[in-house]
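Numbering (my numbering), first residue to last: -9 to 139. Built from N, CA and C at the ideal position, the CB exists for glycine as well.
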């Protein structure tokens, strides 16, 4: 069964709250929208068949999520799962040159092969990350996301 990710960019406003920001590449949704199990595994340990070290397990919807994203979240009901968020600072702090042992896709046992996080995530991930880092230079930025099947 295919899994998709729904992502939303938020930036901190001068009052300290979070505001939904449109995403230039994908219209009203957000970054990391391509169906890529390695990225899903990296962001939240979802469909992590390769065994890439995840940023974190799903954290839930942030309590201070923007009204726009909360409304989107509510439309998904039980069809959305593994709700989470990650700050751009967290993504920028990752050691993308770190290597990990790739799991065998059929058995999920160590394959004896290694790869770096950089090699595994691919160019589209880093194109999105670059745009996020540029936004983060102006105001703290995070990505709120969840998955659906």
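- For residue 100, the enclosing beta strand (DSSP E) has its first and last residue at 100 to 106.
- With contacts defined as CB atoms closer than 8 angstroms, residue -4 and residue 136 qualify as a contacting pair.
- With a threshold of 16 other beta carbon atoms within 10 Å, residue 0 meets it and is buried.
- Taking a C-beta distance under 8 angstroms as the contact criterion, residue 101 and residue 92 qualify as a contact pair.
- Residue state for residue 110 is assigned as helix, using DSSP reduced to three classes.
- Here residue 23 is buried: its Cβ has 16 or more other Cβ atoms, across all protein chains shown, within 10 Å.
- Per the coordinates, the alpha-carbon of residue 103 lies some 10 angstroms from the alpha-carbon of residue 89.
- Per DSSP, reduced to three states, the secondary structure at residue 23 is coil, with no helix or strand assignment.
- Annotated three-state conformation of residue 60 is helix, per DSSP.
- Between the beta-carbon of residue 75 and that of residue 132 there is about 5 angstroms, and that keeps the pair under the 8 angstroms contact cut.
- Restricted to the region 57 to 96, the beta strand (DSSP E) segments that are unbroken, complete and at least 3 residues in length are 70 to 77 and 89 to 93, listed in chain order.
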